[in-house]
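K.L.:
Here's a structure for you.
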Amino acid sequence: MARRFEIETALSAPFSLANQRPLTVFVWGLLSLLPVLPIFLMVIPIWAAAAQSGHAPDEATFSRIMAANVFAQLGQLLHWVASVVVMTAAIRAVLADRTKAEKAPFSLGFGMAELMVAVAFIALLLMVYGVLILVAMLGVAFGVAVWGLGAPWNGLLIALYGLAAFLSVIWLALRLSLLCVVSADRRTLDLPAAWQATKGHVGRLLLLCLLLWLASIAVGLIFLALMAPLGLGAFFLSGLRFEMFGHGSPLPVLNPTSIAVVAVAGVLFSMALCWFTGLSQAMWAAPFASVWKQMRASAAVKAADAAARDALGSHEL
């Protein structure tokens, strides 16, 4: 029995989590957005004031924008840390034994699994970028070598090299696609196990990634379709109009009813944004965790079958 996985099961893993544990997915999204929320609260008033004036930012406004950009870099680092924690939680939720009580609330933690996921992610980036640099250097050398052949052969050979290099990078990324999941599961950077697990499954993993990409686009469009009417409805119900903004005109004063409408719309938008963000984070972690779980189960069944056959053979002897 070969180690294999079902694409349908892997693809449905994040949506199963969202259906069975919606509060957990909401908390994941909230945790992912918390590091960037102060940045938005800092930047939006600055840009709103600059846009309201109708003129180029003055020196003081420009200094505030630059300071906000510095804090934005820190916010991005914290957002990456939160994303690692959330992705590890999604992996843990998929790999967890449903028959046992969950130890960590919302599958969150901050231990060796999260550290190994971060290390594996950095290692993946270094390996992929290293390969890209090597491919680019070889491409320059190859281009110089074949340029003397003249048109159209030099252009054709360079195009073929570019295609081969692109496919090679995609192949490498797919062969390493389970590194974060295996590292979280085994609490160590087990590159040989991740490499061996994807052997013979590159085509199925590529199809899974393409389907995940399409599903991500669909989820984004659904979010926009839900939030656009909410935003426009709150905008017009609060008495605002587009012609009130710009050209140096003062900001409109909202009455208590308008403030209540905007507040309710803001709460609904924030809750939906948190849930969809949590789902988006899970969509690029849970499917690969499901792949590894299925392969692990398949290997266990294979080992059990082999042990049973050995036992039967010994009994017959």
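For my numbering, count along the sequence shown from 1 and bump the result up by 1094.
The C-beta atom is built at its ideal place from N, Cα and C for all residues, glycine as well.
#1: Would a C-beta distance cut-off of 8 Å place residue 1275 and residue 1373 closer than the cut-off?
#2: Where does residue 1265 fall in DSSP's three states?
#3: With DSSP run on the structure shown, which of helix, strand or coil describes residue 1371?
#4: Just checking, does the segment 1169–1180 make contact with the segment 1111–1128 on the three C-beta pairs under 8 Å criterion?
#5: Let's test the definition: count the other Cβ atoms within 10 Å of the Cβ of residue 1193 and tell me whether it reaches 16, buried, or not, exposed.
#6: If you draw a straight line from the alpha carbon of residue 1233 to that of residue 1265, how long is it in whole angstroms?
#7: Using a threshold of 8 Å, state whether the C-beta atoms of residue 1366 and residue 1321 are closer than that.
#8: Is DSSP giving residue 1349 helix, strand or coil here?
#9: Do residue 1263 and residue 1225 have their C-beta atoms within less than 8 Å of each other?
#10: DSSP state of residue 1202, grouped into three classes?
#11: Once you ignore the five residues that flank residue 1267 on each side, which residues in its own chain have a CB closer than 7 Å to its CB?
#12: What would DSSP say about residue 1387, mapped onto helix, strand or coil?
#13: Quick one: Cα of residue 1109 to Cα of residue 1230, how far?
#14: For residue 1281, which of 1325, 1209, 1309, 1376 has the nearest alpha-carbon?
#15: Return helix, strand or coil for residue 1128, following the three-state DSSP convention.
#16: From the DSSP output, in three-state form, read off residue 1295 for me.
#17: Measuring straight from C-alpha to C-alpha, what distance separates residue 1182 and residue 1270?
#18: Comparing alpha-carbon positions, which option in 1383, 1255, 1315, 1284 lies nearest residue 1105?
#19: Run through DSSP, which three-state label would residue 1332 get?
#20: Spatial neighbours of residue 1214 within its chain, please: C-beta separation below 7 Å, excluding the five flanking residues on both sides.
#21: Compute the beta-carbon to beta-carbon distance between residue 1099 and residue 1388, rounded to the nearest angstrom, for a pair I have assumed lies under 8 Å.
P.N.:
Once the coordinates are examined:
#1: The residue labelled residue 1275 in the question sits at position 181 within the sequence shown. The residue labelled residue 1373 in the question sits at position 279 within the sequence shown. Cβ distance not < 8 Å, so residue 1275 and residue 1373 don't count as in contact.
#2: As a first step, residue 1265 is located in the sequence shown; it is residue number 171 there, counting from the start. In the structure shown, residue 1265 sits in a helix (DSSP, three-state: H, G or I).
#3: Position 277 of the sequence shown, counting from 1, holds the residue named residue 1371. If DSSP states are grouped into helix, strand and coil, residue 1371 belongs with the helices.
#4: Yes, the segment 1169–1180 is in contact with the segment 1111–1128.
#5: Against the sequence shown, residue 1193 aligns to sequence position 99. Reliability fails at residue 1193, whose pLDDT of 47 lies under 50, so the model's placement of it is uncertain and the value that follows must be treated cautiously. The residue in question, residue 1193, is exposed, as its Cβ has fewer than 16 Cβ neighbours within 10 Å.
#6: As a working mapping, residue 1233 is identified with position 139 in the sequence shown. As a working mapping, residue 1265 is identified with position 171 in the sequence shown. Here the alpha carbons of residue 1265 and residue 1233 stand approximately 18 Å from one another.
#7: By 1-based counting over the sequence shown, the position of residue 1366 is 272. By 1-based counting over the sequence shown, the position of residue 1321 is 227. Yes, the Cβ-Cβ distance between residue 1366 and residue 1321 is below 8 Å.
#8: As a first step, residue 1349 is located in the sequence shown; it is residue number 255 there, counting from the start. In this structure, residue 1349 counts as coil in the three-state DSSP scheme.
#9: As a first step, residue 1263 is located in the sequence shown; it is residue number 169 there, counting from the start. As a first step, residue 1225 is located in the sequence shown; it is residue number 131 there, counting from the start. Against a cut-off of 8 Å, the Cβ pair of residue 1225 and residue 1263 comes out as a contact.
#10: In the sequence shown, residue 1202 corresponds to position 108, counting from 1. The three-state secondary structure of residue 1202, taken from DSSP, is coil.
#11: Taking the sequence shown and counting its residues from 1, the one referred to as residue 1267 is at position 173. 1222, listed in sequence order.
#12: The residue given as residue 1387 occupies position 293 in the sequence shown. Correct three-state label for residue 1387: helix.
#13: Working through the sequence shown from its first residue, we reach residue 1109 at position 15. Working through the sequence shown from its first residue, we reach residue 1230 at position 136. Answer to the nearest angstrom: the Cα atoms are 39 Å apart.
#14: Here the question's residue 1281 lines up with position 187 in the sequence shown. The shortest C-alpha separation from residue 1281 is found at 1209.
#15: Translated into the one-based positions of the sequence shown, residue 1128 becomes position 34. DSSP places residue 1128 in coil when its eight states are reduced to three.
#16: As a first step, residue 1295 must be located in the sequence shown, where it is residue number 201. In the three-state reduction of the DSSP assignment, residue 1295 falls in the coil class.
#17: Here residue 1182 is taken as the residue at index 88 of the sequence shown, counted from 1. Here residue 1270 is taken as the residue at index 176 of the sequence shown, counted from 1. Distance between the alpha carbons of residue 1182 and residue 1270 is about 17 Å.
#18: What you label residue 1105 is simply residue 11 of the sequence shown in a count that begins at 1. The candidate whose alpha carbon is nearest that of residue 1105 is 1383.
#19: Working through the sequence shown from its first residue, we reach residue 1332 at position 238. Residue 1332: coil per DSSP, three-state reduction.
#20: Indexing the sequence shown from 1 puts residue 1214 at position 120. Only residues of its own chain outside the window of five on either side were considered, and among them 1273, 1274, 1277, 1283 have a CB closer than 7 Å to the CB of residue 1214, listed in chain order.
#21: Translated into positions along the sequence shown, residue 1099 becomes position 5. Translated into positions along the sequence shown, residue 1388 becomes position 294. Correct: roughly 4 Å between the Cβ atoms.
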